[in-house]
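Just so you know, the sequences run in chain order A and B.
Number 12 in the working numbering belongs to position 12 of the first sequence; there are no gaps in the numbering.
Position in the second sequence (from 1) plus 242 gives the number in the working numbering.
2 protein chains.
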Amino acid sequence: MTQASARQRVLVVDDDPTVSEVVGRYLEHAGFAVAVVADGRLALDRALADPPDLVVLDLMLPGLDGLEVFRRLRAQAPVPVVMLTALGDESDRLVGLELGADDYVTKPFSPRELVLRVQSVLRRSSAPLAQAQGTILRDGDLVVDIAAHLVLRGGKPLALTAREYDLLVFLLQNPRQAFSREQLLKQVWGWEYADHSTVTVHVRRLREKVEPDPRDPTRVVTVFGVGYRYDPSPVVSAEELV
Amino acid sequence: MTQASARQRVLVVDDDPTVSEVVGRYLEHAGFAVAVVADGRLALDRALADPPDLVVLDLMLPGLDGLEVFRRLRAQAPVPVVMLTALGDESDRLVGLELGADDYVTKPFSPRELVLRVQSVLRRSSAPLAQAQGTILRDGDLVVDIAAHLVLRGGKPLALTAREYDLLVFLLQNPRQAFSREQLLKQVWGWEYADHSTVTVHVRRLREKVEPDPRDPTRVVTVFGVGYRYDPSPVVSAEELV
DNA sequence: GGAGGCGATGACAGCCCCGTGACGTCCACG
DNA sequence: CGTGGACGTCACGGGGCTGTCATCGCCTCC
Numbered sequence: 001m002t003q004a005s006a007r008q009r010v011l012v013v014d015d016d017p018t019v020s021e022v023v024g025r026y027l028e029h030a031g032f033a034v035a036v037v038a039d040g041r042l043a044l045d046r047a048l049a050d051p052p053d054l055v056v057l058d059l060m061l062p063g064l065d066g067l068e069v070f071r072r073l074r075a076q077a078p079v080p081v082v083m084l085t086a087l088g089d090e091s092d093r094l095v096g097l098e099l100g101a102d103d104y105v106t107k108p109f110s111p112r113e114l115v116l117r118v119q120s121v122l123r124r125s126s127a128p129l130a131q132a133q134g135t136i137l138r139d140g141d142l143v144v145d146i147a148a149h150l151v152l153r154g155g156k157p158l159a160l161t162a163r164e165y166d167l168l169v170f171l172l173q174n175p176r177q178a179f180s181r182e183q184l185l186k187q188v189w190g191w192e193y194a195d196h197s198t199v200t201v202h203v204r205r206l207r208e209k210v211e212p213d214p215r216d217p218t219r220v221v222t223v224f225g226v227g228y229r230y231d232p233s234p235v236v237s238a239e240e241l242v
Numbered sequence: 243m244t245q246a247s248a249r250q251r252v253l254v255v256d257d258d259p260t261v262s263e264v265v266g267r268y269l270e271h272a273g274f275a276v277a278v279v280a281d282g283r284l285a286l287d288r289a290l291a292d293p294p295d296l297v298v299l300d301l302m303l304p305g306l307d308g309l310e311v312f313r314r315l316r317a318q319a320p321v322p323v324v325m326l327t328a329l330g331d332e333s334d335r336l337v338g339l340e341l342g343a344d345d346y347v348t349k350p351f352s353p354r355e356l357v358l359r360v361q362s363v364l365r366r367s368s369a370p371l372a373q374a375q376g377t378i379l380r381d382g383d384l385v386v387d388i389a390a391h392l393v394l395r396g397g398k399p400l401a402l403t404a405r406e407y408d409l410l411v412f413l414l415q416n417p418r419q420a421f422s423r424e425q426l427l428k429q430v431w432g433w434e435y436a437d438h439s440t441v442t443v444h445v446r447r448l449r450e451k452v453e454p455d456p457r458d459p460t461r462v463v464t465v466f467g468v469g470y471r472y473d474p475s476p477v478v479s480a481e482e483l484v
């Protein structure tokens with residue numbers, strides 16, 4: 001467990017050799033690189049010298065108390081921890097949860113289940129990015145998260161109304177295309193016939209929130225005599241801007 | 243699969259030999275006793291003659307329709323069923339879940355994932371005691387222990403009602419996603435059509451218990467004209483707060 | 001350069017949507 | 001049989017959203 005490798009590394013902290021041996025075997029069989037230590041002091045040293053991807057920590061430990069080990073582990077690094085607790089000991093469990101344990105297994109437990117939980121926690125904690133499953137639209141400093149129904153500009157959330165949001169999304173999804181007001185009314189509003197000025201006004205309000213300079217729009221551009229078009233920011237190097 | 247044994251027995255129903263062979267191998271490797279049949283008629287006969295602990299059922303079957311097989315299986319005995327469905331075919335999946343399938347996997351799927359689901363379903367249905375372990379959801383000072391059906395905030399247990407709990411768990415499991423009231427009614431309440439205000443009111447009550455300042459919600463955020471969204475506390479460094 | 005037309009702007013009224021308080025019912029428990 | 005909590009529903013009120021219009025400015029074409 002000294003070198004970075006494709007395999008994820010798990011540190012098992014338990015003073016009972018029977019437990020740690022079985023657990024270690026199962027984890028290795030599941031493809032993990034496993035290290036085992038028998039008390040809290042060693043666990044801290046080991047974790048500091050060679051940080052694992054996850055720690056399986058028995059709360060009942062000789063010497064240093066398990067919760068204390070847990071606290072210090074977390075003080076060193078935000079490593080995911082799966083706790084092993086006695087069935088009855090609810091207080092420890094609560095304290096552990098509060099301190100930030102990622103999961104727990106009560107004794108007696110099936111090694112297979114422990115492996116499942118370890119995998120599950122690693123999956124959860126290693127892929128917070130994959131959570132952003134929804135489609136993301138992007139243009140310059142503009143970011144639209146469809147699933148979240150959220151618009152960011154320069155990292156800050158933008159307060160768009162429902163209509164403004166719909167309009168922006170439609171335009172972003174169809175960049176570099178000019179649309180007449182009729183088309184926009186039909187596509188965004190779902191209306192067949194209506195007052196064109198509705199579109200005009202909403203475009204204005206959208207510009208005020210989306211354009212660097214609303215009076216000289218670079219994103220939502222008017223095509224005189226026709227309608228509007230979304231122009232994505234050109235990908236330019238700095239000198240081209242001069 | 244004729245005698246009761248320590249190993250749990252799984253019946254795989256799929257007409258594609260490639261699929262059933264791979265699935266069978268993985269399940270056996272995971273310690274299950276596996277039987278494979280290729281069509282629905284045989285599946286029913288087999289299940290009746292020698293009831294398995296769980297059935298893996300492909301919904302796309304020659305001869306008897308998969309859903310029909312499912313219905314008759316359940317008519318015979320309350321055996322847990324994990325469905326295999328085509329990715330696009332949401333209608334079948336919904337019907338299956340509606341009828342009481344315990345889990346589903348969409349094609350293409352990884353055999354390992356299927357094994358995990360099979361194990362998970364069996365654990366759920368066969369070992370209510372082992373449920374004393376739990377997946378933990380977390381956001382800031384909020385901690386939800388699914389197995390314990392327990393919610394902590396700042397270390398103190400929170401008195402949520404059943405609906406409030408369901409709502410919170412659903413939102414926590416789907417953070418950063420905006421849901422309409424219809425969607426929430428369907429997902430959390432299991433209703434098809436109902437009064438939207440039901441959602442509104444429950445959101446309010448949940449906020450009163452979960453939000454630091456219920457009148458300025460930061461967790462359960464309303465998306466005007468759309469619905470609600472759960473925003474996890476941002477993980478920020480100090481300087482970003484300025 | 002001037003006239004006509006189109007788009008931008010500011011303002012406003014109606015309305016929709018959300019939050020809130022309150023009430024009736026159902027169910028569990030004493 | 002009475003009590004209390006949970007749940008769904010409703011009426012009310014306020015604030016924001018939305019569509020419309022009049023006016024002004026600017027683009028286009030002659």
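A virtual CB, placed ideally from N, CA and C, is assigned to each residue, including glycine.
Integer-rounded CB distance, given that residue j should sit under 8 Å from residue i
i               : j               : result
V324 of chain B : V276 of chain B : Their Cβ separation, rounded to whole angstroms, is 13 Å, which puts V324 of chain B and V276 of chain B out of contact at 8 Å.
Y230 of chain A : L160 of chain A : Going by Cβ atoms, the distance from Y230 of chain A to L160 of chain A rounds to 15 Å, so no, they are not a contact pair.
L67 of chain A  : D92 of chain A  : 7 Å
P80 of chain A  : S120 of chain A : No, P80 of chain A and S120 of chain A are not in contact; Cβ-Cβ is about 10 Å, not under 8 Å.
H149 of chain A : A420 of chain B : 4 Å
Beta-carbon spacing of residue i, residue j below 8 Å
i               : j               : result
R423 of chain B : G469 of chain B : yes
L356 of chain B : V265 of chain B : yes
L206 of chain A : V220 of chain A : yes
D14 of chain A  : D65 of chain A  : no
L409 of chain B : V386 of chain B : no
T97 of chain A  : L54 of chain A  : At residue 97 of chain A the sequence reads Leu, which differs from the Thr that was named. No; because the gap between Cβ atoms is not below 8 Å, this pair is not in contact.
L303 of chain B : D287 of chain B : no
A43 of chain A  : V19 of chain A  : no
Cβ neighbours of residue i in the same chain (closer than 7 Å, five flanking residues each side left out)
i               : result
V441 of chain B : R423, L426, L427
A374 of chain B : Because the pLDDT of A374 of chain B is 49, which lies under 50, any placement of that residue in the model is unreliable, and the number read from its coordinates should be weighed accordingly. So the qualifying residues of the chain are A389.
L152 of chain A : V143, L158
G154 of chain A : D141
Q429 of chain B : F412
E208 of chain A : P214
E263 of chain B : none
D16 of chain A  : none
P353 of chain B : V264, V265, Y268
V95 of chain A  : L67
R41 of chain A  : G63, L64
Cβ neighbours of residue i in the same chain (closer than 8 Å, five flanking residues each side left out)
i               : result
I136 of chain A : V143, V144, D145, I146
S233 of chain A : D139, G140, T218, R219
A77 of chain A  : A47, P51
V252 of chain B : L269, F274, A275, V276, A277, P294, D295, L296, V297, V298, V360
W433 of chain B : L427
R176 of chain A : R229, Y230, D231, P232
R7 of chain A   : G31, F32, A33
V210 of chain A : L142, R153, L158, L168, R219, V220
Cβ neighbours of residue i in the same chain (closer than 6 Å, five flanking residues each side left out)
i               : result
R163 of chain A : H202
P108 of chain A : none
D407 of chain B : The amino acid at residue 407 of chain B is misidentified as Asp; the sequence shows Tyr. So no residue of the chain qualifies.
Using 8 Å as the threshold, is the segment 93-106 of chain A in touch with the segment 25-39 of chain A, meaning 3 or more CB pairs across them?
no
May I have a chain-ordered list of the beta strand (DSSP E) segments no shorter than 3 residues that lie completely inside the segment 400-460 of chain B?
420-422
Which residue spans inside the segment 14-92 of chain A form an unbroken beta strand (DSSP E) run of at least 3?
33-37, 54-58, 81-86
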